[in-house]
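Here's the structure we're looking at; comments come further down.
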């Protein structure tokens, strides 16, 4: 279990260059988790929402499925900080108030429980292509997600260890073909928290990347393990899971 976690989280701790141009510092991410999902109703509900908002300036979202009973909706708020998040929530509440009876019925049948958290962009810990945009996410729908809960007194230690891991990976070229998004916990998260999302084309593509990265680390493994131990020692808990973006249920904002 420890080694599998090391491989999984280690695959995310890649090198980076500052990406503030592609990932604004005042951007946010609305992270919604749905448990007890009724997949047929869930799919119909989000297909209906997508059709409802198609071609509008309504905030976009990506639907991700982890299992038949667990799903996620991620909504990027590119600018405006928490005010931007509040604007999205008002927009969605207004839309829900205009639901038809069938839409309200679907809303009630689609899941048993929903939890919402808000994260802020961490461009200093992220790495994306220079021309990063919607198509990169669309074409790399398989994701590995890590949520790290950090000891309040160890935030600096944790971030420094992440940066050291990335620096070491950079030395061996483990920064190629990588889409790595990092976020810091904000409203509704068990503070302090960090969210890391790594994108790939498929499960096999992700596995291939992991294998290449592990092999490349062999010359630096002693130093890498020291930084790894420092990072994990600063955490209270680490959750790792994978999911698949469902492009057919996701909405691209018309702006």
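In the working numbering, the protein residues as written are 1046 to 1300.
Where is the CB? At the ideal position from N, CA and C, for every residue including glycine.
Open item on the list: Using a Cβ-Cβ cutoff of less than 7 Å, which residues in the same chain neighbour residue 1097 once the five nearest sequence positions on both sides are dropped?
Closed with: For the purposes of this step, residue 1097 is taken as the residue at position 52 of the chain shown. Taken in chain order, the list of residues that qualify is empty.
- [ ] Taking all protein chains shown into account, decide if residue 1192 is buried (16 or more other Cβ within 10 angstroms of its Cβ) or exposed.
- [x] Walking along the chain shown from the start, residue 1192 turns up at place 147. It is buried - the Cβ of residue 1192 has at least 16 other Cβ atoms within 10 Å.
TODO: On a CA-only basis, which of 1094, 1158, 1290, 1284 is nearest residue 1245? Give me that one, please.
DONE: One-based indexing of the chain shown puts residue 1245 at position 200. Among 1094, 1158, 1290, 1284, the Cα nearest to that of residue 1245 is on 1290.
Task: From 1116, 1296, 1208, 1145, residue whose alpha carbon lies closest to that of residue 1287 - done: Mapped onto the chain shown, residue 1287 falls at position 242. Nearest option by C-alpha distance: 1116.
Open item on the list: Using C-beta distances below 6 Å, list every residue in its chain close to residue 1235, excluding the 5 sequence neighbours before and after it, in chain order.
Closed with: For this step, residue 1235 is matched to residue 190 along the chain shown. Counting only Cβ-Cβ distances below 6 Å, and skipping sequence neighbours, we find 1194.
TODO: Entirely within the segment 1193 to 1238 and at least 3 residues each: give me those beta strand (DSSP E) ranges in chain order.
DONE: 1224 to 1230
- [ ] Write down every uninterrupted run of the beta strand (DSSP E) in the segment 1152 to 1190 whose length is 3 residues or greater and which is fully enclosed by it, in chain order.
- [x] 1158 to 1166
Task: Beta-carbon proximity of residue 1070 to residue 1205, cut-off 8 Å - done: As a working mapping, residue 1070 is identified with position 25 in the chain shown. As a working mapping, residue 1205 is identified with position 160 in the chain shown. No. Outside cutoff.
Open item on the list: Restricting to Cα atoms, I'd like to know which of 1099, 1283, 1154 is closest to residue 1297.
Closed with: Your numbering for residue 1297 matches position 252 in the chain shown. Per the Cα distances, 1099.
Open item on the list: My output table needs one value for residue 1110: the three-state DSSP class, helix, strand or coil.
Closed with: Reading the chain shown from its first residue, position 65 is the one you call residue 1110. Looking at residue 1110 - three-state DSSP - the assignment turns out to be strand.
TODO: Along the beta strand (DSSP E) that carries residue 1344, what are the first and last residues, could you check?
DONE: Absent from the structure is residue 1344, since the part of the chain shown begins at 1046 and ends at 1300.
Open item on the list: With a threshold of 8 Å on Cβ separation, who are the neighbours of residue 1281 within its own chain once the five nearest residues in sequence on each side are excluded?
Closed with: Translated into the one-based positions of the chain shown, residue 1281 becomes position 236. So the list reads 1194, 1195, 1196, once near-sequence residues are dropped.
- [ ] Please report how far the alpha carbon of residue 1262 lies from the alpha carbon of residue 1293, in whole angstroms.
- [x] Stepping through the chain shown from its first residue, residue 1262 is reached at position 217. Stepping through the chain shown from its first residue, residue 1293 is reached at position 248. Going by the C-alpha atoms only, they are around 37 Å apart.
- [ ] Output yes or no for whether 8 Å exceeds the beta carbon distance between residue 1082 and residue 1114.
- [x] If you number the chain shown from 1, residue 1082 lands on position 37. If you number the chain shown from 1, residue 1114 lands on position 69. Contact flag set, yes.
- [ ] For the alpha helix (DSSP H) containing residue 1277, list its first residue and its last residue.
- [x] Position 232 of the chain shown, counting from 1, holds the residue named residue 1277. Residues 1266 to 1278.
TODO: Please list, in chain order, all residues of the same chain as residue 1213 whose beta carbon is under 7 Å from its beta carbon, the five residues on each side excluded.
DONE: Here residue 1213 corresponds to residue number 168 of the chain shown, with the count starting at 1. For residue 1213, where only same-chain residues beyond five positions count, the Cβ hits under 7 Å are 1265, 1268, 1269, 1272.
- [ ] Compute the beta-carbon to beta-carbon distance between residue 1157 and residue 1220, rounded to the nearest angstrom, for a pair I have assumed lies under 8 Å.
- [x] Along the chain shown, one-based indexing puts residue 1157 at 112. Along the chain shown, one-based indexing puts residue 1220 at 175. Between residue 1220 and residue 1157 the Cβ distance is about 41 Å, and since that is not below 8 Å, they are no contact.
Task: Nearest neighbour of residue 1118, chosen from 1256, 1126, 1095, 1124 [CA to CA] - done: Mapped onto the chain shown, residue 1118 falls at position 73. The shortest Cα separation from residue 1118 among 1256, 1126, 1095, 1124 belongs to 1095.
Open item on the list: For residue 1223 and residue 1179, what's the separation of their Cα atoms in angstroms?
Closed with: Here residue 1223 corresponds to residue number 178 of the chain shown, with the count starting at 1. Here residue 1179 corresponds to residue number 134 of the chain shown, with the count starting at 1. Looking at the two C-alpha atoms, the distance is approximately 15 Å.
TODO: Out of 1084, 1139, 1128, point me to the one whose CA is closest to residue 1103's CA.
DONE: As a working note, residue 1103 is residue 58 in the chain shown. Of the candidates 1084, 1139, 1128, the one whose C-alpha sits nearest the C-alpha of residue 1103 is 1139.
Task: Where residue 1092 sits in the DSSP three-state scheme - done: Within the chain shown, residue 1092 is the residue found at index 47, counting from 1. Residue state, collapsed to three classes: helix.
Task: CA-to-CA distance, residue 1277 to residue 1066, given in whole angstroms - done: Translated into positions along the chain shown, residue 1066 becomes position 21. Translated into positions along the chain shown, residue 1277 becomes position 232. In this prediction, residue 1066 has a pLDDT of 41, which is less than 50 and means its spatial position is unreliable; what the coordinates show is noted afterwards. Distance between the alpha carbons of residue 1066 and residue 1277: 30 Å.
- [ ] Using a threshold of 8 Å, state whether the C-beta atoms of residue 1133 and residue 1112 are closer than that.
- [x] Along the chain shown, one-based indexing puts residue 1133 at 88. Along the chain shown, one-based indexing puts residue 1112 at 67. In this structure, residue 1112 does not lie closer than 8 Å to residue 1133 by Cβ.
Open item on the list: Taking only three categories from DSSP, how would you classify residue 1082?
Closed with: Within the chain shown, numbered from 1, the residue matching residue 1082 stands at position 37. Note: residue 1082 maps to coil in three-state DSSP.
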